[in-house]
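Chains as they are written, first to last, in our numbering: chain A, 1 to 346; chain B, 347 to 609; chain C, 610 to 904.
Even for Gly, the Cβ is constructed at its ideal location relative to N, Cα and C.
Okay, so here's the structure we're looking at.
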Amino acid sequence: MMKSLPITIDSVRKAYGSYVALDDVSLDIRGGEFLTLLGPSGSGKTTLLMALAGFVRPDSGKLLLGDRDITRLAPNKRDIGIVFQNYALFPHMNVLANVEYPLALRKTPKAEARQRALDALARVKLKGLAERNIAALSGGQRQRVALARAIVFEPRVMLMDEPLSALDKNLRETMQYEIRRLHDDLGITTIYVTHDQREALIMSDRVAVMNSGRIQQIDTPQQIYDRPSTRFVAEFMGEANIVAPGSVRRIDGADASREALMIRAESFHLDAKLVGRDGVALDGVLRAKAFRGENWLLTLALDGGQEILVSIPAALASGCAELAPGRRLTAYAPAAKVHAMPGAKA
Amino acid sequence: MLEAYPDNRPARILLWSFCALVMAFLMLPTLVVVPLSFSASNLLEFPPRAYSLRWYEAFFGSATWMAALRTSLILGTLTAMVAVPLGLLACISINRLGGKAAATIQAILLTPSIVPGILLAIGLFFVLAAQHLVGTLFGVLVGHVVLAIPVACIVLLPAMARFDWNQVQAARSLGADWARAIGGIIVPQLQISLLSATLMAFLTSLDESVISIFVASGRNSTLPKLMFLSLRDQIDPTIAAISTLWTAIVVVAVLIVTLRQKS
Amino acid sequence: MTVIADPFLAADARRERRFFLSLSLPALFIVGLAAILPIVWIIRQSFLTTGGEYTVGNYEKVLSSGLTWSALVTTLELSLGTLAICILLGTPLALALASVRPRVANLLMAFVMLPLWTSILVRTYGWLVLLRRDGLINAALTGSGLTAEPLPLVYNFTGTLIGMVHYMLPLFLLPVYAAMRDIDANLVRASASMGASLGQAIRTVIMPLSAGGIFSGSTIVFIYTIGFFITPAVLGGGKVNPLSIRIERTLSTFQDWGSASVLGILLLVLMALIGVMFLAARRLMARNNVSTAHA
Chain A
1 MMKSLPITID SVRKAYGSYV ALDDVSLDIR GGEFLTLLGP SGSGKTTLLM
51 ALAGFVRPDS GKLLLGDRDI TRLAPNKRDI GIVFQNYALF PHMNVLANVE
101 YPLALRKTPK AEARQRALDA LARVKLKGLA ERNIAALSGG QRQRVALARA
151 IVFEPRVMLM DEPLSALDKN LRETMQYEIR RLHDDLGITT IYVTHDQREA
201 LIMSDRVAVM NSGRIQQIDT PQQIYDRPST RFVAEFMGEA NIVAPGSVRR
251 IDGADASREA LMIRAESFHL DAKLVGRDGV ALDGVLRAKA FRGENWLLTL
301 ALDGGQEILV SIPAALASGC AELAPGRRLT AYAPAAKVHA MPGAKA
Chain B
347 MLEAYPDNRP ARILLWSFCA LVMAFLMLPT LVVVPLSFSA SNLLEFPPRA
397 YSLRWYEAFF GSATWMAALR TSLILGTLTA MVAVPLGLLA CISINRLGGK
447 AAATIQAILL TPSIVPGILL AIGLFFVLAA QHLVGTLFGV LVGHVVLAIP
497 VACIVLLPAM ARFDWNQVQA ARSLGADWAR AIGGIIVPQL QISLLSATLM
547 AFLTSLDESV ISIFVASGRN STLPKLMFLS LRDQIDPTIA AISTLWTAIV
597 VVAVLIVTLR QKS
Chain C
610 MTVIADPFLA ADARRERRFF LSLSLPALFI VGLAAILPIV WIIRQSFLTT
660 GGEYTVGNYE KVLSSGLTWS ALVTTLELSL GTLAICILLG TPLALALASV
710 RPRVANLLMA FVMLPLWTSI LVRTYGWLVL LRRDGLINAA LTGSGLTAEP
760 LPLVYNFTGT LIGMVHYMLP LFLLPVYAAM RDIDANLVRA SASMGASLGQ
810 AIRTVIMPLS AGGIFSGSTI VFIYTIGFFI TPAVLGGGKV NPLSIRIERT
860 LSTFQDWGSA SVLGILLLVL MALIGVMFLA ARRLMARNNV STAHA
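If you want it as structure tokens, here you go:
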């Protein structure tokens, strides 16, 4: 198995008239890594992917595959496997013909091509469907054929453009696992585009959060979630609860931070004993509560004026049912879960 | 579609030069006639050495041509006046009936456009001859109307498909009878398509030559029939003038309809 | 159709259906009178002598005449020739139009469709002006020294073919263009990402997916050109005689209604045969929707 290639994106810029899709984007992707470009629509993530594929020409900057400068290289010479959002399976060919297609282009002998195609189909667990017509396949099956077709010619890099967005929730979760497993088995450098933060967290080695054509932060899923560097990243990854320093006090009375703080909803406890002495406390009035099965979601109006969301797992939530709106409440969080956000206004 | 192949410069140049040639081929005959119509001489010189309006004068000054023009314009108007309302009613019918009935009606109404014109012409000739109606305006009109109905339907069927029938239901519930519903609700809303259909029906009749050749004669000859006879015999530059006028009118009419559609 | 249980409502539904049916009666009547009746009359006429008695003599006379069969051959030659040239010229044109932005394509299409709006006689006159021995093309050729003598470009098969291609090309183009526009752009991107050259992408993805459009266009070209009359009449100079011209000559010159009708039936049969062939071909294509990448 070939060692997979690293990718270097160097100051890439792309504008359409006055609209800047990519604003001096730079990124180093390690060989064999699973990197996700995460962001809302219009953030530039798909544009960046398409630039790597060769379908979008950067206005300036460089793209390197290994040591090779591919910035101006034609898309059909880049040897990259792409899975499109709508799968782009050829309707005039059956499953096997679709998967054999890249091998046929490379003049692979028929018998070998057939065997490799069948192997690829087996990898994505579609072994019996080789003769099937594309139109007769379900969404999930088409997804797998698209995957098989993209890996059968052993590319050094895989690009995936929101491949799971058309699938229903259960199928999506299965496929997230399947795709990650495929990546681990094959070791191909993979760049994955999605707007679903959960998906990014589940699947990636690293996540690059993008907004307005810029990369806001690149980090491991853990770091992105617990230690976001900007307000945008914090809020995009989930309920951020960014509070002014004045609303927060240290349990042991020491000076609180002078910067805005982010505390995730699920980091809170209602019992001070569960939190260390260096933890923090937020005092406020209960505004609303909602039982969601696995947890209770409480809305707390802090004395400083802000509202925060507090999530208490059902196992620790005895007594939540009796809490009435209007009652004074204190939420506690351990120091490790309190993240200072320099420059972020509460 | 081919953005995935931004290079391949020579292939692109080849493709677009080829397309330019084909498009020139398509436009050439229509355009080349225009300067000739203003030529002073009756020989084919290009570009014309001297300019004159003599061929336009010849056209407007000739009793035969003017009679043919009058006949064609009257026929065109009458065809549109008959074919479009009948076509509209038929399209409403098809739209409401649906299923096999609609498909059958549609197939029947579209046959005149599929059957070769020459067959319709001689068949109509036989039918009219039996009734001693060959050479009459009525005979030619019938032929033109039967060709214009499918043309009108091709325009009006999609328009009816887009139309919101609930409005008719609403009007009926408020007390409107069918005449009111069709005249007051459907017609105003289908204005642009009706205009298009009228234009198409008019042009179909105006341009119709094969049936006219067999069925019209003498005083009721149409413009195309006269042009055809003239073309078969010699190459009269008056036809260049007629052609230019014709093209100009059609282009203007189409522009008006297209601009109205856009607004 | 839903079954209405209540007998009164069912009667109302039937009445309404009858009303809507009646709306198309006027149009159906005219089409019946002026299109279907004439065809029936032709069939009847083919079996009548000039005296009005029933006979099959007309059929014997026409079907045994060499002129009939040469007319048939000419008809097919013209149609197949027109089709071949339309495919050669029209397919690249459709590809070019389908590969530019819709707004630009619409503008170019308007120019392509312009000939359709002008009268066929105007266009035919234009071709005479261009193609005659003393016409513009020959003037340019001999004037610039490219040829020594004017070429016979009209009043023959060549001229007729040029005129017919000119008429049918826009009509052929429409369905081919529509089919190509419908091709998902991602399919071409996918084939590029897998290594296909432009030629390979056109051959293995674009053309197979345009086959339906080309087929539709071909059907249109064939069915229309079989009945063409004006173009061969004016541009053929009396030397090109497809079935339509033979029908006209038999009728007007020889006043032989019976034979003209037989020729008309022959034309109709030819059309029906071609229609059946195209339907069968279409069914075959649909069944073979699955092809392999190596094919």
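{"Item": "6 angstroms Cβ shell around residue 750 of chain C - same chain, five flanking residues per side excluded", "Value": "756"}
{"Item": "8 angstroms contact criterion, which residue 103 of chain A and residue 116 of chain A should meet: CB distance rounded", "Value": "6 angstroms"}
{"Item": "Residue-chain proximity (residue 74 of chain A, chain B), Cβ-Cβ < 7 angstroms", "Value": "yes"}
{"Item": "Beta-carbon neighbours of residue 183 of chain A, restricted to chain C and to distances below 8 angstroms", "Value": "Going along chain C, no residue has its Cβ under 8 angstroms from residue 183 of chain A, so there is no contact; the nearest lies around 18 angstroms."}
{"Item": "Coil, strand or helix - residue 480 of chain B by DSSP", "Value": "coil"}
{"Item": "Close Cβ partners of residue 43 of chain A (< 6 angstroms) along its chain, the five nearest in sequence each way excluded", "Value": "210, 211"}
{"Item": "Near-chain A residues of the segment 349 to 365 of chain B - C-beta to any C-beta below 8 angstroms", "Value": "349, 350, 351, 352, 353"}
{"Item": "Below-7 angstroms beta-carbon distance, residue 679 of chain C vs any chain A residue", "Value": "no"}
{"Item": "Residue from C/889, C/850, C/865 whose Cα sits closest to the Cα of residue 682 of chain C", "Value": "C/850"}
{"Item": "Coil, strand or helix - residue 126 of chain A by DSSP", "Value": "coil"}
{"Item": "Amino acids of chain C, ordered along the chain, whose beta-carbon sits closer than 9 angstroms to that of residue 86 of chain A", "Value": "793, 795"}
{"Item": "Residue 874 of chain C versus residue 868 of chain C: straight-line alpha-carbon distance, rounded", "Value": "10 angstroms"}
{"Item": "Rounded Cβ spacing between residue 823 of chain C and residue 885 of chain C (contact assumed at less than 8 angstroms)", "Value": "Not a contact, Cβ separation roughly 20 angstroms."}
{"Item": "Members of the segment 39 to 70 of chain A near chain C, C-beta cut-off 7 angstroms", "Value": "53, 55"}
{"Item": "Any chain B beta carbon closer than 7 angstroms to residue 864 of chain C", "Value": "no"}
{"Item": "Any chain C beta carbon closer than 7 angstroms to residue 481 of chain B", "Value": "no"}
{"Item": "is_contact[residue 892 of chain C, chain B] using C-beta, thresh 7 angstroms", "Value": "no"}
{"Item": "Own chain residues within Cβ distance below 6 angstroms of residue 765 of chain C, not counting five before or after", "Value": "848"}
{"Item": "Cβ of residue 781 of chain C within 7 angstroms of any chain B Cβ", "Value": "no"}
{"Item": "Cα-Cα separation between residue 311 of chain A and residue 292 of chain A, rounded to whole angstroms", "Value": "10 angstroms"}
{"Item": "Which listed residue (B/351, B/532, B/395) has its alpha carbon closest to that of residue 508 of chain B", "Value": "B/532"}
{"Item": "Where the alpha helix (DSSP H) through residue 715 of chain C begins and ends", "Value": "711 to 726"}
{"Item": "Cutoff 7 angstroms; reference residue 236 of chain A; Cβ partners in own chain excluding five residues on either side", "Value": "197, 209"}
{"Item": "Short Cβ contact (7 angstroms threshold) for residue 603 of chain B with residue 502 of chain B", "Value": "no"}
{"Item": "Neighbour-count burial assignment, residue 336 of chain A, 16 or more Cβ in a 10 Å radius", "Value": "exposed"}
{"Item": "Per DSSP, cross-strand counterpart(s) of residue 211 of chain A", "Value": "A/214"}
{"Item": "Rounded distance between the beta-carbons of residue 357 of chain B and residue 807 of chain C, thought under 8 angstroms", "Value": "6 angstroms"}
{"Item": "Exposed unless 16 or more other CB atoms sit within 10 angstroms - verdict on residue 14 of chain A", "Value": "buried"}
{"Item": "CA nearest to the CA of residue 773 of chain C, picked from B/371, B/348, B/350", "Value": "B/371"}
{"Item": "Residue 420 of chain B to residue 490 of chain B span [Cα, whole Å]", "Value": "12 angstroms"}
{"Item": "Residue 60 of chain A (DSSP reduced to helix, strand or coil)", "Value": "strand"}
{"Item": "CA-to-CA distance, residue 188 of chain A to residue 158 of chain A, given in whole angstroms", "Value": "7 angstroms"}
{"Item": "Closer than 7 angstroms to chain C by CB, residue 564 of chain B", "Value": "no"}
{"Item": "Unbroken alpha helix (DSSP H) run spanning residue 510 of chain B, endpoints", "Value": "Unbroken run through residue 510 of chain B: none, as it is neither H nor E."}
{"Item": "Of the listed residues C/706, C/652, C/832, nearest to residue 788 of chain C (C-alpha basis)", "Value": "C/706"}
{"Item": "Chain C residues whose Cβ lies nearer than 8 angstroms to that of residue 80 of chain A", "Value": "802"}
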